Each structure stands twice: as structure tokens, then as C-alpha cells.
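Undergrad:
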């Protein structure tokens, strides 16, 4: 069995693929007592339409999240209790592009790993278990619906994207989960929870060659026999947004505004890490806590908190958004647009950009001192097919010319959506 090795800043990253197709990664940090394990499948909230063996499937929204709940509920006794008795903490999450089951522990790592693998490899789906889960998730969705920020987010992205499933709520809607049946959940489980569609990540002072036999013995023959790897269907998405302006009225103490810009995702087909680093640096430079713009807005009393940025690049989508609370959201929106126009029309602050990129590169190096940060970021990056090491080096490689080109070619101030969250 071939094992590839890569060293980064004194740490060793190892990768191997089992005969059944399961990819295993070990990020070895020898000076840490704590260990993490993440068992992940390439199945997330936006994977509702797919092709397998020439057959096209359309799944109700929220099925991936539903299945995550189902796997935790299917165990003979409380999953949390079982890991707690071993001194470990276990949890799971579903994102747009993956579902991840994980634990962290100092003691009993091998037993916990066996339990994690056993838990995810089997599920007992029935009419009763699905009905029970529908009730639980319906309550969860209704709780989210009462949150002003959730309603703004949901309404905003439905005004942003026409067809792309990134706009869909990961948990689905009350209506969509009611269409989920035991047959659908079992089909999704068999299709997506297969070795070729999954990855196992181990973090800490772990010897890959010593742990491999334990992993092999914990994988069932039935699991290893699954050979599915679905092809995800992403519908065509128009370049233009659906609507330029939306408003949500809720019982909030202070209004807020989100200004988002939709871009062409193909812009990131080449040199994506460097271009993404450029976009992050530009947003921080012009709207971050040390920016002239923030200080000016703060001095005027228009904002009292730092700006939030949302920058997302993925298969078939690319956007960035800027948001903040304000008692004068109209003025704040206008000021954000004015600052972006200055960014496109005036000379670029090259010295400020170079200073900030050095600072961000230093921060990215420091993040490798936290095992939890490594575990979360490395898992997230690999599951999104991003080279995390190229991403870290991007802050060194990005140039002023790259930033200027991105401002000119990617940022389109005419392709926007403004979302207002106002008081009732």
C-alpha cells in the first residue's frame, strides 16, 4: 500500500488509499496529547440532484442533514454517552458540500475510532425512525425561522441565485422534509456513504502504519463492497442576480444591511488560491477593522461594530458580501457602494496591500499551532478539493497586479443584491 508523505513547517502529512477506495489522511503533530478523527462523506446540503449508473435522482432538500441525524439516532444507546464514558467528545455537522462525523480525545483514541467507524457504517432506517426525525427536524427548522438573521440569509440568497443549490437551506424546509421517506434515506445512505465517496482524517501524534490494521479491521465487508460515487448535477446559473433589493422586517433591536456581489465562478478556475487570497486581502484592507472606511463610518456614528465579510467560492458559484448593523442602513449601503467605486476608479493602495499580506501570511502560520484549527481547516479544504498548503502560501505569492486584475475583472458593481433587516 503506497503512502505519500509531505512535510510542512516541521509537521508530517501522510495520505494513503485503501483497496476499497477509502482515502486516509494523517496530520501528525507529535507534541500534542489531544487527538481528533473526522469521518467525512462528499454529501452535503446542495447535493440534491445526481446521476448514478445512468439513472438521474432528485432528492428532497435537507436529505443529507436528515441522514446525519438519523445515523446518530440509530445507535442502540446514546452516541454522546458512549463517547463521554471514554473521555471523548463526539459530534457531526452537514455543510453545503459534505457531512462530517468527528470526535476529540486524549485517552482511548483507538476505541473511539472503532466506535466512530462502526457508527457511520451502519444505519437502521424505518418508518418509525424517519417519522421521529421529521418531528425533531421540523422543530429545528421552525426555531431557525424565528431567527431574524436566518430569514434575512434565506431571503437574500434566493434573491441572489436563480437555480444554484447553494441558495437552499441545508436543513431543508418543513415542506421538503415531509417528502422524505425511509426508501429515499436508505438510497442516499447507500449511494453516498461508500468508501470511494468518503475520507478519514486523523490528527495528532498518530502512527499511520500502526493505526491502519485497526482501521481495516473496523471496516465491514458490506461497507467495503459499496462502490458508488455519484456524479452531482449543478444546474446552469445565470450570471445576473434575481433581484437587486429585498427587505425582511422582524423584531430586532437594530437594523442591518447586507450588500452582496455575484461574480463569475470561472474566474477562479485557474490560480484559485491566489485569487481568493487577493479578494480576502482587498476586503480586509478596505473594509476591515483597521481600514479608513471603518474608522470614518465609526466616527460618524453610522456603525458601532466591525464589518462582517462572507466570501465563498465553489463549484458553479462565487460571491462576496459585506454587512453591518446601523440605524441608517440606507446611508450605510450608499457609503459601501461609494467605497467600492473608489476602489475601482482610484489608484490602488499598493503599500497597504503589501503590509496586510505579510500580516495575513503570519497569521496563517500561527494557526498551525492549534490542532483544532488544523483539524477543522484541513478537513474542510480537502472535502472542498482545495489545497490548504497552496492556500497558505497564496498570501506570499499574491501580487499587487493580481489584486488590481481582480478588482477590474471580477468585482461587478452592477450585479448586486442588497438585503435589509429592518424593525417591524
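Residue numbers (my numbering): 1066 to 1489.
Virtual Cβ for every residue (Gly too), placed ideally from N, Cα, C.
Everything numeric in this text was worked out from a predicted model, so none of it was measured.
1. Rounded to the nearest angstrom, what separates residue 1346 and residue 1248 at their Cα positions?
2. May I ask which residues mark the beginning and end of the alpha helix (DSSP H) holding residue 1223?
3. Exposed or buried, which one is residue 1230 when buried takes at least 16 other CB atoms within 10 Å?
4. Does the beta-carbon of residue 1043 have 16 or more other beta-carbons within 10 angstroms, so that it is buried, or is it exposed?
5. From 1162, 1163, 1075 and 1157, pick the residue whose C-alpha is nearest to that of residue 1169; which is it?
6. Does DSSP classify residue 1374 as helix, strand or coil?
7. Got a sec? Which residues, its chain only, sit under 8 Å from residue 1414 by beta carbon, not counting five neighbours each side?
8. How many angstroms separate the CA atom of residue 1442 from the CA atom of residue 1212?
9. Compare the C-alpha of residue 1358 against each of 1136, 1401 and 1162 and name the closest.
10. Please say whether residue 1409 and residue 1340 have beta carbons closer to each other than 9 Å?
11. Our contact map puts residue 1328 next to residue 1477 with C-beta atoms below 8 Å; I'd like the distance itself, whole angstroms only.
12. Can you give me the C-alpha to C-alpha distance between residue 1126 and residue 1297, rounded to a whole angstrom?
13. Quick one: Cα of residue 1333 to Cα of residue 1382, how far?
14. Bridge partners of residue 1078, per DSSP?
15. What are the partner residues of residue 1385, as DSSP defines its beta bridges?
16. How many angstroms separate the CA atom of residue 1175 from the CA atom of residue 1250?
17. Just curious, the beta strand (DSSP E) that residue 1310 is in, first and last residue?
18. Please state if the CB of residue 1265 and the CB of residue 1103 are separated by a distance shorter than 9 Å.
19. Beta carbon of residue 1083, beta carbon of residue 1070: below 9 Å?
20. Checking the sheet assignment: what are the DSSP bridge partners for residue 1114?
21. Using DSSP bridges, identify the partner residues of residue 1157.
22. Label residue 1255 either buried or exposed according to how many other C-beta atoms from any shown protein chain fall within 10 Å of its C-beta, with 16 as the threshold for buried.
23. Assuming contact is defined by CB atoms lying nearer than 9 Å, are residue 1136 and residue 1081 in contact in what I supplied?
24. Could you check what DSSP says for residue 1201 in three-state terms: helix, strand or coil?
25. Which whole-angstrom value is the C-beta distance of residue 1253 and residue 1178, which I expect to be below 8 Å?
TA: According to the structure data:
1. Straight-line Cα distance between these residues: approximately 47 Å.
2. It spans 1213-1225 - the alpha helix (DSSP H) in which residue 1223 sits, taken as one unbroken run.
3. Answer is buried; the Cβ neighbour count reaches 16.
4. Beyond the ends of the chain as shown, which are 1066 and 1489, falls residue 1043; an answer cannot be given.
5. The residue with the shortest Cα to Cα distance from residue 1169 is 1157.
6. Residue state, collapsed to three classes: strand.
7. Annotation for residue 1414: 1350 place their beta carbon closer than 8 Å to its own, counting only its chain and skipping 5 residues before and after.
8. Rounded to whole angstroms, residue 1442 and residue 1212 show a C-alpha spacing of 28 Å.
9. Closest option to residue 1358, judged by alpha-carbon separation, among 1136, 1401 and 1162: 1401.
10. Between residue 1340 and residue 1409, the gap from beta carbon to beta carbon reaches 9 Å or more.
11. Confirmed, Cβ separation roughly 6 Å.
12. Rounded to whole angstroms, the separation of the alpha carbons of residue 1297 and residue 1126 is 14 Å.
13. Roughly 10 Å between the two C-alpha positions.
14. DSSP, once it has assigned bridges, lists 1071 and 1092 as partnering residue 1078.
15. Residue 1385 is bridged by DSSP to 1326 and 1376.
16. If I take the Cα positions, the gap works out to 30 Å.
17. Element bounds for residue 1310: 1310-1315.
18. Against a cut-off of 9 Å, the Cβ pair of residue 1265 and residue 1103 comes out as a contact.
19. Contact flag unset, no.
20. Paired residue(s): 1123.
21. In the DSSP output, where bridge partners are listed per residue, residue 1157 has 1166.
22. Around the C-beta of residue 1255, fewer than 16 other C-beta atoms lie within 10 Å, and the residue is accordingly described as exposed.
23. Contact flag unset, no.
24. The answer is helix: DSSP assigns residue 1201 an H, G or I state.
25. Rounded to the nearest angstrom, the Cβ distance from residue 1253 to residue 1178 is 25 Å, too far for a contact under 8 Å.
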